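Right, one structure below, let's go through it.
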Amino acid sequence: MSTPEPADRVLSRASLAEGNPTAWFDELYTAAARGEAEVPWTRGKPQADLVTWAAEHPGEGRRALVVGSALGDDSELLAAAGWVVTGFDIAPTAVEAARVRFPESAVDYVVADLLKPPGEWHQAFDLVVEIMNIQAMPRDFRPAALTSLAGFLAPGGTALVSEVAEESTDVETWVSPPWPFSRAEIESIAQDGVRLVSLGTVRDGARHWATFTR
Ligand SMILES: C[S@@+](CC[C@H](N)C(=O)[O-])C[C@H]1O[C@@H](n2cnc3c(N)ncnc32)[C@H](O)[C@@H]1O
Numbered sequence: 283m284s285t286p287e288p289a290d291r292v293l294s295r296a297s298l299a300e301g302n303p304t305a306w307f308d309e310l311y312t313a314a315a316r317g318e319a320e321v322p323w324t325r326g327k328p329q330a331d332l333v334t335w336a337a338e339h340p341g342e343g344r345r346a347l348v349v350g351s352a353l354g355d356d357s358e359l360l361a362a363a364g365w366v367v368t369g370f371d372i373a374p375t376a377v378e379a380a381r382v383r384f385p386e387s388a389v390d391y392v393v394a395d396l397l398k399p400p401g402e403w404h405q406a407f408d409l410v411v412e413i414m415n416i417q418a419m420p421r422d423f424r425p426a427a428l429t430s431l432a433g434f435l436a437p438g439g440t441a442l443v444s445e446v447a448e449e450s451t452d453v454e455t456w457v458s459p460p461w462p463f464s465r466a467e468i469e470s471i472a473q474d475g476v477r478l479v480s481l482g483t484v485r486d487g488a489r490h491w492a493t494f495t496r
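Each residue of the sequence shown is one higher than the one before, counting from 283 in the working numbering.
Dropping the structure here:
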C-alpha cells in the first residue's frame with residue numbers, strides 16, 4: 283500500500299493550479315485544526331537560529347515585525363526578549379490559533395499579506411524577521427515580496443532573513459514548494475537604501491542566514 287501524499291503537497295498543488303499561490307496556507311491550518319492534516323513547519327518552539335540571535339539582541343522596547351508568524355512561537359520569543367512585536371500571517375486560522383495559544387500575549391497578531399502590506403508599516407520596524415516564508419511562494423512573486431520586506435526596515439534597524447539555500451539542493455530532483463533562494467537572490471534584498479551586513483549559512487549550509495540594515 284502506498285503512503286498517502288501529505289496534505290500540504292495536495293493543497294499547494296491545487297492552489298497553485300488555480301493561480302492562487304497562498305490560498306493553501308489557510309486551508310492547511312484549517313485542516314490541521316480539525317486534526318486532518320499536519321503543518322510540516324510547526325515546531326512548537328521558536329526557530330533555533332533566532333533563539334541564538336535573540337539571546338544577544340534584547341529589544342529594549344524597539345519594534346519588531348515577524349513575517350509569516352504562523353502559530354506565534356518566534357513572535358513570543360522576541361516579545362520575551364523585550365521587543366514590541368507585530369506578527370502577521372496571511373492565514374486567518376494561524377493568526378487566530380496564535381492568539382488562542384498565547385491569550386496573555388503582548389504580541390499584536392494580525393492578518394496581512396506580505397504582497398499588500400499596510401502602508402503604515404513602511405520603514406516602521408527596528409527588527410524585521412523573515413524565516414522561510416517568501417520561499418513558500420512561487421518565484422514570480424519574489425521581487426514584490428523582497429521589495430515589501432526591505433520597505434519594513436526603519437533606519438538603523440536589522441532585518442534577519444533565512445531561506446533554504448539553493449546551492450545546497452539538487453535542483454534536478456527538488457520538488458517545490460519551497461522554492462529555494464540563491465545567494466544572489468538573498469543579496470537582492472539590499473535595495474532602496476537597505477544594505478547587506480552579513481550573509482552566511484546555518485544547518486551545514488542548508489539555509490542562508492543574512493542580516494541587513496538601512
Ligand atoms: C513555511 S511557513 C513558515 C512559518 C514560520 N515563519 C516558520 O519559520 O516556521 C510560511 C508561513 O507564511 C505564511 N504566508 C505565506 N504567504 C504569505 C504572505 N503573502 N503574507 C503573509 N504570510 C504569508 C503562511 O501562512 C505560513 O504561516
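The C-beta atom is built at its ideal place from N, Cα and C for all residues, glycine as well.
Given the structure is predicted, the values throughout are model-derived calculations rather than measurements.
Proximity below 8 Å, CB of residue i to CB of residue j
i	j	result
PHE407	ALA346	yes
GLU309	LEU293	yes
SER351	TYR391	yes
LEU396	ASN415	yes
GLY369	PRO340	no
THR455	PRO462	no
GLY343	VAL366	yes
ARG489	ALA447	yes
LEU478	GLY439	no
ALA379	LEU353	yes
VAL411	VAL348	yes
Span separating the alpha-carbon of residue i from that of residue j
i	j	result
SER430	PRO288	31 Å
GLY482	SER444	10 Å
GLY487	GLU449	8 Å
GLU358	PRO437	24 Å
GLN329	TRP306	23 Å
ARG496	GLY317	43 Å
SER464	ARG424	12 Å
GLN405	PRO286	45 Å
THR493	ALA299	34 Å
VAL457	ALA337	35 Å
ILE471	ALA314	33 Å
Any non-hydrogen atom of ligand 1 closer than 7 Å to residue i Cβ
i	result
PHE370	yes
ILE413	yes
ALA503	This structure gives no information on residue 503, because the portion of the chain shown stretches from 283 to 496.
ALA313	no
ALA418	yes
TRP335	no
TRP323	yes
ASP395	yes
ALA376	yes
GLY433	no
ALA380	no
Inter-residue CB distance, residue i and residue j (contact presumed, cutoff 8 Å)
i	j	result
ILE372	VAL389	Between VAL389 and ILE372 the Cβ distance is about 17 Å, and since that is not below 8 Å, they are no contact.
ASP355	ILE413	Not a contact, Cβ separation roughly 11 Å.
THR304	MET419	7 Å
PRO460	GLN417	4 Å
Counterpart residues of residue i in DSSP-defined beta bridges
i	result
ARG477	THR495
VAL392	PHE370
ALA346	VAL367 and LEU409
LEU442	VAL411 and THR493
LEU435	PHE407
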